[in-house]
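Report on the following structure.
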Amino acid sequence: MGLNTALGTAISGLHSSQVGIGVVSQNVANAGTPGYVRRTTSSVDSVSGGTVGVSNPNVQRLLDRIVQHQLLQESSGAAYTSTRAQVFANLDQLYGAPGSATALDSMYSKFTSSLQALQNDPSSYTNRTAVIDAASQLANRLRGLSDGVQQQRAQAEAGIGTAVTRTNELLEQLTDVNARIVNAQQSSGTADLRDQRDRIISELSQYVEIRTDERPNGAISITTATGTQLFDGRPTVKFEFDARANIGPQSKWSSDPAQRGVGTIIARDLSGNSSDAIANNTFRSGEIGALIELRDKTLVQAQAQLDEIAAQLSSALSDREIAGTAVTAGAATGFDVDLAGLQSGNSVTLDYRVTPGGQTQRFTFVRVESAASLPLPASAQGDPNNRVIGIDFSGGPASVAAQMQAAVGPGFTVSNTGSVLRIVDDGAGGTRDVVGLTARPTQTSLTGGTGELPFFVDGRNNGAYTGSYEGGAQSIGFASRIAVNPDLIADRSRLVVYNTSPATPQGDTTRPKFLYERLTSSQRNFTNSTGFDGSTATSTGTVSSLVQRVVAGQGQASEQAKRLDEGQQVAFASVQSRFLEDTKVNVDEEMSNLIELQSAYAANARVISTVKELLDVLMRL
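Numbering (my numbering), first residue to last: 1391 to 2011.
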């Protein structure tokens, strides 16, 4: 080996050591910097003009791409579960611990207990006042809970808007960083830029679940988990969110803009084409996905449960049950029932048995005042054993009978005489047996001669709650409007006096007993909108059991959301720990590397010094 060769080799080694020392210095300086990925150098031997040396050392980041992709997925999942857990915790705090003084079930128990006390001493003004006060507190609590649920929905609406804006900003930031990486790909100066790009992508993954793919030239492509491309050198879509103000119980998401009362996310591509990202299920996870689910499903169901409590509470005390009178028509049997008192939203139920050996099934006919209210919304529907059908009463009794006949089919005969409806089966040897026909009109007077009374009213107009569907379902948002009947507050004797001619005695227990039993022991049909246990079927129970079920269910849902989040955070931390094993700077290890580089640097410097001395000797010869 000649002196020139030795000199060249030593100089290249010296340069390699210098680069390595610089990398170690950078690693140590950024040991605590979030998102910094540890660097290392790699070198290969090179031969140039017969001189063997070390080629330009390449600075590389130490990370596992597979683990990095897993980290992005878990980051999105962690943002999703933590967002849900926080809202559920807020709801749990809003409802109060079951049995606590301000909890809904406690307020309800106080009301039923006051009715029981009134039953024991109906003439007591103190007991009557206690009933009104407890009822007012219960109505106030329902209104407060409804307002709290809608505030959570409004916050989710605002959160979606903020998250969408930030998502667009992050995609724009990627454009510049990605271009600089591509332009610098042939040099060794992309490590810092790649760290910066990774930090942007990491934050982006908190809003939406993404997949990344790096191209050979260093450029990156990003798609959502559902396949929507977000970035390919530049943003391929821009999201737009039309936030709505004044979110209320009637504010629902719909793919039909005319029916939609909340904001939706529009994805607009580079060609100007647009699509509804919520309808396309673009956001399945991440913070945006969680906020959409909370706003449009979780909190809507919470409101539906409160509305169901308010509706059942009101209807249980005001709706009469008029059982049909048994009739025969030849070999056919059935019932007559008078529909004269039926109001918009009131129902008639037909119970029948499929023969031979079939179970009892039901048709529920709901009065509406015009065809514009048909078909009934999905929240009114029952299940295969209870078909709920809207009947337009505007055409008169004959039209009502014809609509019911079309609904029940040939196994029955439906007819009417004035306001009296008759339904009979198909007789002996047929396939249908009518076992019941019941009308349920709402009592609107405080003194109607029966135990029922409009104890609670709709605060929108102080009218009775009938479950009307005119101009939208009256049940939607009823928890935000329920109030004690002002006429009852003004004349508390009506808690006992249900008839004026002859006048009910002040000590009569009939009405207090009736009201108490209607709430605590009378079986009611609950709509499918409550969504208990994820079911879409109707269910039965007492109003008391409904309240307990809603309060307990809310607590259980909050606990489940908390446990899910805890599990997801553990999974996220586990993957993050694996990722940091390679990327995190170990100062002790760096110091060890520095000693090796110093030794190599000193050795190469000694070679250069020796060659210089030898050349000096040669020059003096």
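Yeah, the Cβ is synthetic: ideal placement off N, Cα and C, and Gly gets one too.
Sorted by chain position, which residues of the same chain lie with C-beta nearer than 8 Å to residue i's C-beta, five sequence neighbours on each side aside?
i: Gly1489; result: Asp1495 and Ser1496
i: Leu1583; result: Val1567, Arg1570, Ile1571 and Ala1574
i: Asn1736; result: Asp1709, Val1756, Arg1757, Ala1829, Arg1830, Pro1831, Thr1832, Thr1856 and Gly1857
i: Tyr1515; result: Arg1882
i: Val1937; result: Leu1494, Asp1495, Tyr1498 and Ile1699
i: Pro1765; result: Gly1780
i: Thr1364; result: Since the first residue shown for the chain is 1391 and the last is 2011, residue 1364 is missing from the structure and cannot be characterised.
If you drop the 5 nearest sequence neighbours on each side, which residues of the same chain put their C-beta closer than 6 Å to that of residue i?
i: Gln1460; result: Val1965
i: Ala1719; result: Val1814
i: Ala1544; result: Ile1637
i: Arg1812; result: Asp1726 and Ser1805
i: Val1427; result: Arg1451, Leu1453, Asp1585 and Thr1973
Quick one: residues in its chain with C-beta nearer than 7 Å to the C-beta of residue i, no 5 flanking neighbours on either side, listed in chain order?
i: Pro1902; result: Leu1505, Leu1508, Gln1509, Pro1512, Leu1885 and Val1886
i: Asp1659; result: Thr1626 and Val1627
i: Ala1951; result: Arg1474, Ala1475 and Phe1478
i: Asp1537; result: Ser1870
i: Ile1879; result: Ile1522
i: Ile1590; result: Leu1560, Gln1563, Leu1564 and Val1567
i: Ala1947; result: Phe1478
i: Thr1910; result: Thr1502, Thr1932 and Ser1934
i: Ser1763; result: Gly1780, Tyr1859 and Glu1860
Just verifying my parser: in three-state terms, what is the DSSP assignment at residue i?
i: Glu1759; result: coil
i: Leu1811; result: strand
i: Tyr1515; result: helix
i: Arg1587; result: helix
i: Phe1753; result: strand
i: Asp1454; result: coil
i: Phe1478; result: helix
i: Glu1722; result: In the sequence as presented, Glu is not what sits at residue 1722; that position holds Ala. Ala1722: strand per DSSP, three-state reduction.
i: Asn1448; result: strand
i: Asp1622; result: strand
i: Leu1732; result: coil
i: Ser1504; result: helix
i: Glu1604; result: strand
i: Val1572; result: helix
i: Ser1641; result: coil
i: Val1554; result: helix
i: Lys1687; result: helix
i: Ala1657; result: strand
i: Glu1711; result: coil
i: Ala1615; result: coil
i: Ala1700; result: helix
i: Val2001; result: helix
i: Asp1741; result: strand
i: Val1427; result: coil
i: Ser1664; result: strand
Compare the Cα-Cα distances from residue i to each of the options and report the closest residue.
i: Asn1724; options: Val1814, Gln1795, Asp1898 and Val2007; result: In the sequence on display, residue 1724 carries Gly and not Asn. Per the Cα distances, Val1814.
i: Arg1777; options: Ala1761, Ala1797 and Ala1788; result: Ala1797
i: Ser1805; options: Gly1786, Ser1858, Ser1472 and Ala1993; result: Gly1786
i: Asp1586; options: Arg1953, Leu1560, Arg1605 and Ser1514; result: Note that residue 1586 is Gln in the sequence shown here, rather than Asp. Nearest option by C-alpha distance: Leu1560.
i: Asn1713; options: Val2007, Asp1726 and Leu1703; result: The sequence shown places Ala at residue 1713, rather than the Asn named in the question. Nearest C-alpha to Ala1713: Asp1726.
i: Ala1548; options: Leu1620, Thr1614, Arg1634 and Ala1609; result: Arg1634
i: Gln1864; options: Gln1733, Gly1943 and Asn1915; result: Gln1733
i: Phe1846; options: Asn1671, Val1449, Pro1424 and Asn1530; result: Asn1530
i: Asn1851; options: Pro1876, Gln1691, Phe1753 and Pro1606; result: Pro1876
i: Thr1920; options: Val1810, Gly1772, Leu1836 and Ala1993; result: Gly1772
i: Ala1421; options: Asn1994, Asn1976, Asp1898 and Ala1553; result: Asn1976
i: Leu1684; options: Val1539, Thr1552, Gln1463 and Ala1520; result: Val1539
i: Arg1429; options: Ala1581, Gln1527 and Leu1620; result: Ala1581
i: Thr1395; options: Val2007, Asn1994 and Arg2010; result: Asn1994
i: Thr1602; options: Gln1463, Ala1525 and Gly1853; result: Gln1463
i: Tyr1470; options: Val1717, Leu1954, Asp2006 and Asn1983; result: Leu1954
i: Gly1957; options: Glu1630, Ser1967 and Ala1468; result: Ala1468
i: Gly1945; options: Val1652, Ala1487, Pro1424 and Phe1631; result: Ala1487
Original post:
Are the region 1693-1702 and the region 1867-1883 touching, with three or more C-beta to C-beta distances below 8 Å?
Top reply: The region 1693-1702 is in contact with the region 1867-1883.
Subject >> Touch test, the region 1835-1846 against the region 1697-1712, Cβ-Cβ under 8 Å, three pairs minimum >> reply: By the Cβ criterion, the region 1835-1846 is in contact with the region 1697-1712, since at least three pairs of Cβ atoms, one from each stretch, lie closer than 8 Å.
Subject >> Meets three-Cβ-pair contact criterion under 8 Å: the region 1816-1834 and the region 1736-1748 >> reply: Segments in contact, yes.
**OP:** Could I get the ranges of all uninterrupted alpha helix (DSSP H) runs contained in the region 1775-1844, with 4 residues as the minimum, in chain order?
**Re:** Those alpha helix (DSSP H) runs which fall completely within the region 1775-1844 and span 4+ residues are 1787-1798.
**OP:** Could you tell me whether the region 1885-1899 touches the region 1748-1759, where touching means 3 or more Cβ pairs closer than 8 Å?
**Re:** No: fewer than three Cβ pairs fall under 8 Å.
Original post:
If you pair each beta-carbon of the region 1667-1683 with each one of the region 1596-1607, do three or more pairs fall below 8 Å?
Top reply: Segments in contact, yes.
Subject >> Completely contained alpha helix (DSSP H) runs for the region 1855-1919, where each covers 4 or more residues >> reply: With a minimum length of 4 residues, the continuous alpha helix (DSSP H) runs that stay inside the region 1855-1919 are 1876-1880 and 1900-1910.
Original post:
Per the contact definition of three or more C-beta pairs closer than 8 Å, is the region 1451-1465 in contact with the region 1659-1669?
Top reply: No, because fewer than three Cβ pairs between the region 1659-1669 and the region 1451-1465 fall closer than 8 Å, the two stretches do not touch.
Subject >> Start-end ranges of the beta strand (DSSP E) lying completely within the region 1525-1551, minimum 3 residues >> reply: Qualifying beta strand (DSSP E) stretches: none in this window.
**OP:** Jot down the residue ranges of each uninterrupted alpha helix (DSSP H) in the region 1926-1982, minimum 4 residues, whole runs only, in chain order.
**Re:** Those alpha helix (DSSP H) runs which fall completely within the region 1926-1982 and span 4+ residues are 1933-1973.
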